[in-house]
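Notes to accompany the following structure.
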Amino acid sequence: MAGKIIIAEEAKKEMIQAIKTYFLKERDEDLGDLAAYLIFEFFLESLAPHAYNQGVYDAYKYINDKSEDLLGYLK
Numbered sequence: 003m004a005g006k007i008i009i010a011e012e013a014k015k016e017m018i019q020a021i022k023t024y025f026l027k028e029r030d031e032d033l034g035d036l037a038a039y040l041i042f043e044f045f046l047e048s049l050a051p052h053a054y055n056q057g058v059y060d061a062y063k064y065i066n067d068k069s070e071d072l073l074g075y076l077k
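For the numbering used here, count along the sequence shown from 1 and bump the result up by 2.
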């Protein structure tokens, strides 16, 4: 994947809040904004590209399968 993943500011705030909520609920740790932001950045830089690539592959496979279905309409 080329380039950096761009996340809208409002969505970024929601995701950071979700990280803080998760850590408080599941680990009983009250993360500050900086700690939650650093975790968010780690996921975005290290893990998100893998999910993105899988999504691209899944979309390609879906479109390819549907394109083959079109050949069934040939007379």
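Glycine residues also receive a C-beta, built at the ideal position from the N, C-alpha and C atoms. All values reported here derive from a predicted model rather than from experimental measurement.
Got a sec? Which residues, its chain only, sit under 8 Å from residue i by beta carbon, not counting five neighbours each side?
{"i": "Phe42", "result": "Lys14, Met17, Ile18, Ile21"}
Less than 8 Å between the beta carbons of residue i and residue j, yes or no?
{"i": "Leu33", "j": "Phe25", "result": "yes"}
Which whole-angstrom value is the C-beta distance of residue i and residue j, which I expect to be below 8 Å?
{"i": "Ile7", "j": "Leu49", "result": "Actually they do not touch by this definition, with Cβ atoms about 11 Å apart."}
Just verifying my parser: in three-state terms, what is the DSSP assignment at residue i?
{"i": "Leu40", "result": "helix"}
{"i": "Leu46", "result": "helix"}
{"i": "Asp71", "result": "helix"}
Give me, in chain order, the residues of the same chain whose beta-carbon lies closer than 6 Å to that of residue i; leave out the 5 immediate sequence neighbours on both sides.
{"i": "Ala38", "result": "Ile18, Ile21, Lys22"}
Within 7 Å: the Cβ of residue i and any heavy atom of the ligand FAD?
{"i": "Ala50", "result": "In the structure shown, the ligand FAD is absent, as is every other ligand, since no ligand is present at all."}
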